[in-house]
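FYI, UniProt numbering numbers position 198 of the sequence shown as 198, with every residue one higher than the one before it.
Where is the CB? At the ideal position from N, CA and C, for every residue including glycine.
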Amino acid sequence: MGQITFGDGVAIGMLVIYIFCLPFSIAVCLRHGLARASGWIFLSIFSILRIIGCSAQLVTITHASKTAVTVAEVTQALGLSPLLLASLGLLARLLSSIQSSSQDSALCFYLIRLIQTPCIIGLILCIVGATNASSPMDIFQQDTLRAGLIIFTVVLGALFILYIGSYIGYHKTGRGERPLVVAVGGSLPLLLIRMVYSLLECFGSHAPGSVLVSNPAAEILELFLANMEEIIITILYIATGMALYPGRAGPNSSEGADNRTRKLEYRARRNGL
1 MGQITFGDGV
11 AIGMLVIYIF
21 CLPFSIAVCL
31 RHGLARASGW
41 IFLSIFSILR
51 IIGCSAQLVT
61 ITHASKTAVT
71 VAEVTQALGL
81 SPLLLASLGL
91 LARLLSSIQS
101 SSQDSALCFY
111 LIRLIQTPCI
121 IGLILCIVGA
131 TNASSPMDIF
141 QQDTLRAGLI
151 IFTVVLGALF
161 ILYIGSYIGY
171 HKTGRGERPL
181 VVAVGGSLPL
191 LLIRMVYSLL
201 ECFGSHAPGS
211 VLVSNPAAEI
221 LELFLANMEE
231 IIITILYIAT
241 GMALYPGRAG
251 PNSSEGADNR
261 TRKLEYRARR
271 NGL
C-alpha cells in the first residue's frame, strides 16, 4: 500500500462530502424538475464528477495507474462547466421571477439559453483537450482546453453582468426570490476564485503545473482556491433548492403574489364580503 499524501486525505474528505451531497442534489432535481434551463441537474452531474475523480485519485494509492491519474485530472478540469451551468439556471429563474410579463420572462429564458451554448462548447473543448493529452501533466498544455477555459471566463463575466442587472431589478421592483439573490450573489466571487485558479494552471509562468504540482504547498493551494469554493457553492445551491418553492413562482415572486391575491378575492366572494 502506498503512502497517503495530504492530497489523498483531501480526496477522501471530498468523496465523503459529495457522496452525501449527491442524493440531496437529486432530490432538488426531482423537486424542481429536470429541465435543462433550471440548472438543478448540473449539481448532480458535478457531484458525480467529483465522486469519480476522488475515487480515481484514491486508486492511485495502491496502484500506480496512468488511467486513474488521467481520470482524476480530467474530472478536475471539467468541474467548472457544471457549476457555471447551474449558476445560469438559477439566474434564469431569478430573472424570470422579477419580470412582470410572460414575454419578458421568455426573453430572459432565451438569453440564458444563448449564454449556455458557449458554456457547453467550452465543456466539449475541455473534454477534447483532456482526452487528447499524452499524459496527465500535458492536459493543461492543450490549446483546446485553454480555449475552453477562455470561454468559461467570458461566460462568468456575462454571469456577473446579468446578476448585477437582476439585483438592481429585484430592489427596484420588489419582485423576485430572495434566496436566489443571496445564493447566486454569494457564489459568483467563489466562482471567480475558482476560475483564477484554473487560469493559473494553464497560463501561469510555469505552466503546466504552475499551481498543480505534487507538493504539499500546491495541494493546500488547490484545497483553498478550488476545492473549498466548489464545496461551498454546491452546498449553497442545494440548500437554496430545498428552500425554494417548486416551479418558477415562489412566495416572493410576482406570480406567487398574484395567486395569493386571487385566492383572497375568491374567498371574499364566497363569504359574501
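Of all the options the options, which has the alpha carbon lying nearest to the alpha carbon of residue i?
{"i": "V71", "options": "A106, L90 and I48", "result": "I48"}
{"i": "C202", "options": "S96, I51 and A147", "result": "A147"}
{"i": "R178", "options": "N132, T240 and F6", "result": "T240"}
{"i": "C54", "options": "V16, I151 and Y110", "result": "V16"}
{"i": "V74", "options": "T60, P216, A56 and G176", "result": "A56"}
{"i": "S65", "options": "P136, A158, V128 and T131", "result": "P136"}
{"i": "I164", "options": "T153, L95, N132 and N227", "result": "L95"}
{"i": "T108", "options": "G169, Q76 and V154", "result": "The question names Thr, but residue 108 is Cys in the sequence shown. That would be G169, whose Cα lies nearest to the Cα of C108."}
{"i": "S198", "options": "F46, G174, A226 and Y110", "result": "A226"}
{"i": "L190", "options": "D138, I124, L223 and C119", "result": "L223"}
{"i": "residue 274", "options": "V10, I19 and F24", "result": "The chain is shown from 1 up to 273; residue 274 falls before or after that span and cannot be answered."}
{"i": "P82", "options": "G9, A11, P118 and N215", "result": "P118"}
{"i": "L85", "options": "E229, V69, G129 and Q116", "result": "Q116"}
{"i": "L145", "options": "L91, L90 and L125", "result": "L125"}
{"i": "I139", "options": "V69, I41, G186 and N215", "result": "V69"}
{"i": "G33", "options": "L90, G9, T67 and F46", "result": "L90"}
{"i": "F160", "options": "R175, G185 and H171", "result": "G185"}
{"i": "F46", "options": "Q76, T67 and H63", "result": "Q76"}
State the start and end residues of the unbroken alpha helix (DSSP H) segment that holds residue i.
{"i": "G89", "result": "L80 to I98"}
{"i": "M14", "result": "F6 to H32"}
{"i": "residue 298", "result": "Because the chain here runs from 1 to 273, residue 298 falls outside it and cannot be looked at."}
{"i": "G176", "result": "First-last for G176: undefined, no H or E at that position."}
{"i": "A239", "result": "M228 to A243"}
{"i": "F46", "result": "W40 to T62"}
{"i": "I220", "result": "P216 to E222"}
{"i": "Q76", "result": "K66 to A77"}
Taking residue i and residue j to be in contact with their CB atoms under 8 Å, please state how far apart those CB atoms are, rounded to whole angstroms.
{"i": "M195", "j": "L162", "result": "No, M195 and L162 are not in contact; Cβ-Cβ is about 16 Å, not under 8 Å."}
{"i": "I233", "j": "S166", "result": "Wrong, their Cβ atoms sit about 18 Å apart, outside the cutoff."}
{"i": "A183", "j": "Y237", "result": "6 Å"}
{"i": "L221", "j": "F152", "result": "Going by Cβ atoms, the distance from L221 to F152 rounds to 20 Å, so no, they are not a contact pair."}
{"i": "I235", "j": "C21", "result": "7 Å"}
{"i": "G13", "j": "E219", "result": "12 Å between Cβ atoms; not a contact."}
{"i": "I51", "j": "I19", "result": "6 Å"}
{"i": "I193", "j": "E230", "result": "Not really, about 10 Å apart at Cβ, beyond 8 Å."}
Would a C-beta distance cut-off of 8 Å place residue i and residue j closer than the cut-off?
{"i": "L180", "j": "R93", "result": "yes"}
{"i": "I61", "j": "S44", "result": "no"}
{"i": "R113", "j": "P246", "result": "no"}
{"i": "L78", "j": "L123", "result": "yes"}
{"i": "Q141", "j": "N132", "result": "no"}
{"i": "L111", "j": "G39", "result": "no"}
{"i": "residue 280", "j": "L58", "result": "There is simply no residue 280 to check, as the chain begins at 1 and stops at 273 in what is shown."}
Checklist line | Secondary structure, beta strand (DSSP E): runs of 3+ residues fully inside the segment 105 to 138 | finding: none
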